[in-house]
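Notes follow once the structure below has been shown.
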Amino acid sequence: MTRGPLPVKAIRKAMENAAARGNVMDRDLFQRSRIGFIIFCAMLTVFVRVRRSRCHLMSPEDCAAEYRIDVLILRRIPLTGVVARELWLLTPWGTWQYFRVLNDRLIEVRADGSPVLQEVTGAPGPGGPSGTSPAVSVVRPGGGS
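Numbering (our numbering), first residue to last: 46 to 190.
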């Protein structure tokens, strides 16, 4: 889904949403960048890429497959303790889906950047002391145990 012109209207709407999280630097200030904009939050710098989606809802796995090129572009940015990379999707209904791009997977986050689903840790399981298998993470809504 990376073909076609930049989603200028979607980027403009996304920048309005981003202003609630911190100071926003428009991509026009740093020419030839493949990033939509940068958000400077307290203790965190977020690099954001914006796209339109044809789906109303998308799982992180589907997003990684559908927007593979966008994810690869974001993964070029080094991930540190003070840097985050996010892909924001504008759905046909006009709602947003936000995904944080990690080195090995995507996780869905809320508009404020907090995770929608959190990994559950518990008694040691088949994968070791974390209680999760290396191939599959157990998640529950709201982070409850």
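Ideal Cβ positions, reconstructed from N, Cα and C, are used throughout, including at glycine.
These numbers come from a predicted model, not from an experiment.
Looking only at its chain, what residues have a beta carbon closer than 6 angstroms to the beta carbon of ASP71, apart from the 5 residues adjacent to it on each side? Excluding sequence neighbours, ASP71 sits near PHE82.
Got a sec? Which residues, its chain only, sit under 7 angstroms from MET88 by beta carbon, not counting five neighbours each side? Contacts found: VAL127.
Whether ARG66 touches CYS86 by CB criterion (8 angstroms): Against a cut-off of 8 angstroms, the Cβ pair of CYS86 and ARG66 comes out as a contact.
With 16 as the cutoff for other CB atoms within 10 Å, does ARG79 come out buried or exposed? Label assigned to ARG79: exposed.
Could you check which residue in ASP149, VAL154, ASN62, ASP115 has the C-alpha nearest to that of TYR143? Checking every option, the nearest Cα to that of TYR143 belongs to VAL154.
Alpha-carbon spacing of ALA156 relative to PRO123, whole angstroms: Between ALA156 and PRO123, the C-alpha separation is close to 22 angstroms.
By a C-beta neighbour count over all protein chains shown, 10 Å radius and 16 as the cutoff for buried, is VAL53 buried or exposed? Exposed is the call here.
If you measure between the beta carbons of ARG99 and PRO137, is that distance less than 8 angstroms? PRO137 sits close to ARG99, with the two beta carbons spaced by under 8 angstroms.
Segment limits, alpha helix (DSSP H) that includes ASN68: Note, ASN68: premise wrong, no alpha helix (DSSP H); beta strand (DSSP E) at 68-71.
Using the DSSP secondary-structure output, state which residues sit across from TYR143 in a beta bridge. BP columns for TYR143 point to TRP133, VAL154.
Between which two residues does the alpha helix (DSSP H) harbouring ILE122 extend? Neither: ILE122 is in no alpha helix (DSSP H) and is coded neither H nor E.
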